[in-house]
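Note sheet for the following structure.
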Amino acid sequence: MRTNITIICVILFLFFSQGAKAQSITECEKVVQETVNAINNHSTEGLQKHLSPDFECSGQKGNVATLVLNQIVVQLNEHVSKYEKISESKDENSLTLVYKFTYSRVGERTSTFVFNKENKIKRLNLFAVMVKKADKEIEFERPQSKMISIPFEITSDNLIVVTAMINGEKCKFIIDSGAPSLYLNSKYFKANGNKKEISLNNSKDVNGSSINGQDVIAVDSFNFNGIQAKNIKVMMSDLSHLENGLEIHGLIGYSIYKDFDLLFDYQNKTLTLIAPDYTDTFLKENKYKFSEISLSFNEEKSFTHIPCVNAQIDKITLLLAIDCGAGTNLLDSQLWTQLKKNIKDIKTTDLKGANNGNFTEVHTGKLRGMKIGNKKFKNTETVFSNIDHLNATRSEAIQGLIGYEILSRQKTILCYKNRKLIFID
Numbered sequence: 001m002r003t004n005i006t007i008i009c010v011i012l013f014l015f016f017s018q019g020a021k022a023q024s025i026t027e028c029e030k031v032v033q034e035t036v037n038a039i040n041n042h043s044t045e046g047l048q049k050h051l052s053p054d055f056e057c058s059g060q061k062g063n064v065a066t067l068v069l070n071q072i073v074v075q076l077n078e079h080v081s082k083y084e085k086i087s088e089s090k091d092e093n094s095l096t097l098v099y100k101f102t103y104s105r106v107g108e109r110t111s112t113f114v115f116n117k118e119n120k121i122k123r124l125n126l127f128a129v130m131v132k133k134a135d136k137e138i139e140f141e142r143p144q145s146k147m148i149s150i151p152f153e154i155t156s157d158n159l160i161v162v163t164a165m166i167n168g169e170k171c172k173f174i175i176d177s178g179a180p181s182l183y184l185n186s187k188y189f190k191a192n193g194n195k196k197e198i199s200l201n202n203s204k205d206v207n208g209s210s211i212n213g214q215d216v217i218a219v220d221s222f223n224f225n226g227i228q229a230k231n232i233k234v235m236m237s238d239l240s241h242l243e244n245g246l247e248i249h250g251l252i253g254y255s256i257y258k259d260f261d262l263l264f265d266y267q268n269k270t271l272t273l274i275a276p277d278y279t280d281t282f283l284k285e286n287k288y289k290f291s292e293i294s295l296s297f298n299e300e301k302s303f304t305h306i307p308c309v310n311a312q313i314d315k316i317t318l319l320l321a322i323d324c325g326a327g328t329n330l331l332d333s334q335l336w337t338q339l340k341k342n343i344k345d346i347k348t349t350d351l352k353g354a355n356n357g358n359f360t361e362v363h364t365g366k367l368r369g370m371k372i373g374n375k376k377f378k379n380t381e382t383v384f385s386n387i388d389h390l391n392a393t394r395s396e397a398i399q400g401l402i403g404y405e406i407l408s409r410q411k412t413i414l415c416y417k418n419r420k421l422i423f424i425d
């Protein structure tokens with residue numbers, strides 16, 4: 001009798017093990033179908049939610065991997081006419097599916113998908129691409145000054161534009177706290193780092209077919225108000241969609257100013273970098289009245305540079321990322337039903353994507369009220385849109401972004417080292 005029970009248990013175990021495996025493979029095959037749809041629609045928007053936090057693509061990891069995937073899908077301008085599975089293999093931690101994709105122009109290519117236990121894409125070799133690697137950690141020489149005052153321009157999209165030197169030439173850069181490091185616009189540079197007037201097409205597939213604009217270039221020197229680096233390799237791609245009538249040569253991100261507190265003064269169009277040990281003295285010397293709010297940072301390596309803060313709308317508490325590259329508030333479209341009663345002047349409009357310049361229909365309007373700490377903000381321009389792509393590689397989901405609409409209402413200090421946001425009255 002006991003033997004029969006044991007046999008039955010073994011049979012049931014094998015049955016459910018096979019069922020679980022089949023279910024996992026089925027879900028992963030659906031993701032492959034989503035990938036085909038992404039290629040054919042020239043957009044990775046629907047694919048972002050299927051990427052694991054440690055996603056890799058063409059030898060790149062983290063944010064760069066996501067960017068490379070977007071460049072491949074959007075700029076190849078290809079169409080998959082058919083695809084078939086060549087093989088599948090599974091170990092304790094992952095499932096690997098290998099497919100043959102038939103493209104309309106370049107013919108057959110082998111694509112390898114590696115999925116984790118949650119059926120998320122851990123590694124994707126979609127289209128064999130030779131991608132050069134940028135320097136992971138650029139060593140910047142920083143001045144000893146306690147304060148560095150930097151004038152800036154404000155674009156029609158409410159972005160901060162400053163001047164920096166590349167190889168001795170003046171260039172215009174967007175200050176983007178959502179960007180991890182220095183990033184160049186391939187529209188203005190060629191492989192040796194010099195400025196140019198036409199687009200670069202240096203990333204190529206194994207047959208020599210170009211992938212527009214994506215490349216890594218050697219830069220002899222970079223100087224941003226005394227923050228300097230020499231002989232560095234920098235990632236670049238086509239950032240034309242950010243220009244809007246003004247030449248933009250690149251983005252200046254977190255790694256350049258991470259050792260400073262950032263004082264945003266939109267009224268005087270000045271960005272001031274303050275040594276963290278001098279910020280308290282600066283506030284006291286100017287006899288400012290101010291309030292402080294704690295910041296949190298995602299502990300995953302790819303997102304340690306993005307500060308987040310809790311905000312309240314009515315009785316709803318939201319975790320919002322702070323991005324000075326956000327011209328308006330951006331809230332998750334899933335919140336629309338709950339919060340639309342708090343929105344006035346509602347419109348349906350098109351939001352331009354920061355990655356590919358594509359447009360998506362979204363709700364916009366003025367948010368009647370938002371509270372951050374003890375500070376209240378009224379009538380802030382707000383967009384409701386799908387933000388799955390922002391949470392694709394985060395362990396703790398955010399509900400949106402805040403930028404210009406909050407930072408510009410008063411002088412604001414963003415303190416990375418001491419993890420706090422300071423509103424100066």
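Per this note's numbering, residue 1 is the first one in the sequence shown, and the count goes up by one each step.
Ideal Cβ placement from N, Cα and C applies to all residues, glycine included.
Keep in mind that this is a model prediction, so the values were computed, not measured.
Quick one: what does DSSP say His79 is sitting in, helix, strand or coil? coil
Exposed unless 16 or more other CB atoms sit within 10 angstroms - verdict on Thr279: buried
Please list the terminal residues of the continuous alpha helix (DSSP H) segment that includes Ser52. Note, Ser52: premise wrong, no alpha helix (DSSP H); beta strand (DSSP E) at 51-57.
Within 8 Å, do at least three Cβ pairs link the stretch 94-101 to the stretch 260-271? no
C-alpha gap between Glu45 and Gln144, whole angstroms: 43 Å
Option nearest Ala437 by Cα separation, candidates Ala65, Glu88, Gly250, Lys146: Any question about residue 437 goes unanswered here, given that the chain covers just 1 to 425.
Near Leu47, which residues of its chain fall below 7 Å by C-beta distance, leaving aside the five closest residues on each side in sequence? Glu34, Thr35, Ala38
Grab me the residues of Glu108's own chain with a C-beta within less than 8 Å of its C-beta, minus the 5 sequence neighbours each way, in chain order. Lys100, Phe101, Thr102
Can at least three beta-carbon pairs, one atom from the stretch 282-292 and one from the stretch 176-189, be found at a separation below 8 Å? no
Buried or exposed (CB count within 10 angstroms, at least 16 for buried), Ile422: buried
Is Gly168 buried or exposed, if buried means 16 or more other CB atoms sit within 10 Å of its CB? exposed
Identify whether Leu97 lies in helix, strand or coil by the three-state DSSP scheme. strand
Any chance you could list the alpha helix (DSSP H) runs of at least 4 consecutive residues sitting entirely within the stretch 255-330, in chain order? 279-285
Going by beta-carbon coordinates alone, are Ile166 and Ile160 separated by less than 8 Å? no
Who are Pro151's beta bridge partners in DSSP? Thr270
Hey, is Tyr188's beta-carbon within less than 8 Å of any beta-carbon in chain C? Absent here is chain C; the protein component of the structure consists of one chain.
Minimum C-alpha distance to Val114 - residue among Ile138, Glu139, Ser87: Ser87
Beta-carbon separation of Lys120 and Ser52 under 8 Å? yes
Three-state class that DSSP yields for His389 in the structure shown: helix
Roughly how many angstroms lie between the CA atoms of Ile387 and Ser333, to the nearest whole one? 8 Å
CA-CA distance, Glu78 and Thr66? 18 Å
Are the Cβ atoms of Met235 and Val64 separated by less than 8 Å? yes
Glu141 burial status per 10 Å Cβ neighbour count (16 or more: buried): exposed
Identify whether Ile198 lies in helix, strand or coil by the three-state DSSP scheme. Note that Ile198 has pLDDT 30, beneath the 50 cutoff, so the model's placement of it is unreliable and the number below is only indicative. In this structure, Ile198 counts as coil in the three-state DSSP scheme.
Beta-bridge partners of Lys347, as assigned by DSSP: Thr364
Quick one: using the 10 Å Cβ neighbour count with 16 as the cut-off for buried, is Thr281 buried or exposed? exposed
Is the beta carbon of Lys344 sitting closer than 8 Å to the one on Gly327? no
Is DSSP giving Leu126 helix, strand or coil here? coil
Which partner residues of Glu108 appear in the DSSP bridge assignment? Thr102
Could you name the residues of the same chain whose beta carbon sits closer than 7 Å to that of Asn225, not counting the 5 residues immediately before and after it, in chain order? Ile148, Ile150
Rounded to whole angstroms, what's the CA-CA distance from Glu27 to Leu319? Just pull it up for me. 30 Å
Rounded to the nearest angstrom, what separates Ile174 and Asn158 at their Cα positions? 10 Å
Report yes if the C-beta distance between Thr270 and Phe152 is below 8 Å; otherwise report no. yes
Quickly, what does DSSP pair Gln60 with across the bridge? List them, please. Cys57
How many whole angstroms separate the CB atoms of Val362 and Thr349, which I take to be in contact at a CB cut-off of 8 Å? 6 Å
My output table needs one value for Ile138: the three-state DSSP class, helix, strand or coil. coil
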